[in-house]
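In what follows, a single structure is set out as structure tokens and then discussed.
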Amino acid sequence: MLLFKESDVRRLLPMKQCINVLGSAFLAYGRGEAQNQPRRRLVLPTGSVLHQLAGACGNYFGIKYYSTNPRHGYHFLFTLFDAPTGQPLAIFEANYLGQIRTGAASGLATSLMAPPGVTSLAIIGSGFQAESQLAAMLAVRKLTSVRVWSRSEANRKRFADEMSLLHGLPVEAARSAHEAVDGADIIVTATWAAEPVLEPEWVKETAHINAMGSNNPKRREIPADLIERAGLLVADSLEQCRVEAGDLVLALNEAGWSRVVELKDIVGRGEIHGAGRRTIFKSVGLGLEDVAAAAFVYEAARQQGFDVTAPLLA
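Counting from -10, one number per residue, gives the positions in the sequence shown under the numbering used here.
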């Protein structure tokens, strides 16, 4: 059984490839050939929480499990199994695995939902998830303008400087969220916010929004007005979003949920837009995505000559 370090995942799973991998996984999901098990949480009196989400796709299944503590941070692991035999194949350090597959899910949705000629991006948030969201947007659209805003001036300036250097594209640190999103074709929200970080009047009528920061039913980044007036509203998993997507839970009544389309149902149909109205993709992160991404890394390692029968090393 192999142990994949974070550095292995970074080396073996480029963003464009991850987007393609998730496209195939969601196609299989739509055909009933893949499974996703929504996240479960075990909450301890100490404030620590154990999170678990699982999935199956093709010849593989697996589970991601991670611990969080408000004072001591988080730790991510993923175990990959062989579907025909149930044999454990590999354990992954899974922080970057989760980061890149989250970005790739937004990239996949954007490739389907944002018009092909769009050129400007706004990112609200400047943490590690924002980095992979930017990489994913650059993988699917030819951007010429990127603006970022977050509450910390130092953090947003650091993000702008580092991402400009990394991608060879000017990234501007905006002075406000309003300034960042004004006129933007694509908007990404990647924050820990409990209350909306956007106002409807800031967002142009044809913008596409990727809302991926919240998987808590009591927290939201997007106001109800934006959700209600979206021309197309897509979720990575309707079942999971009904439990933990505060952006949708706090905005939709039962009739409103009938408007939500699942990503698996638009993959393979080609581009699908909101008829000149705003489009929104809400993601909470799926075990299916982790399995698909981890399976690709495992297969790539085998092709490059990794000894997949080697014992697990600490």
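Quick reminder that beta carbons are idealized off the backbone N, C-alpha and C, glycines included.
Scan the region 205 to 236 and note each continuous alpha helix (DSSP H) run of 4 residues or more that stays entirely inside, going in chain order.
213 to 217 and 227 to 233
With 16 as the cutoff for other CB atoms within 10 Å, does residue 53 come out buried or exposed?
buried
Under 8 Å: do the region 31 to 39 and the region 269 to 278 share three or more Cβ pairs, one atom per stretch?
no
Is it the case that the Cβ atoms of residue 110 and residue 139 are separated by a distance below 8 Å?
no
Can you have a look at residue 203 and say buried or exposed, based on whether 16 or more other CB atoms are within 10 angstroms of its CB?
buried
Rounded to the nearest angstrom, what separates residue 93 and residue 225 at their Cα positions?
12 Å
Pairwise C-alpha distance: residue 20 and residue 265
29 Å
Using the Cα positions of residue 50 and residue 91, report the straight-line distance between them to the nearest angstrom.
18 Å
If residue 78 sits next to residue 86, beta carbons under 8 Å apart, how far is it from one beta carbon to the other, in whole angstroms?
Actually they are not in contact, since the Cβ atoms of residue 78 and residue 86 sit about 14 Å apart, beyond 8 Å.
Using DSSP bridges, identify the partner residues of residue 46.
23 and 49
For residue 33, which of helix, strand or coil comes out of DSSP?
coil
If residue 193 and residue 172 are in contact, beta carbons under 8 Å, what's the gap, nearest whole angstrom?
6 Å
Do you know offhand how far residue 160's Cα is from residue 169's?
11 Å
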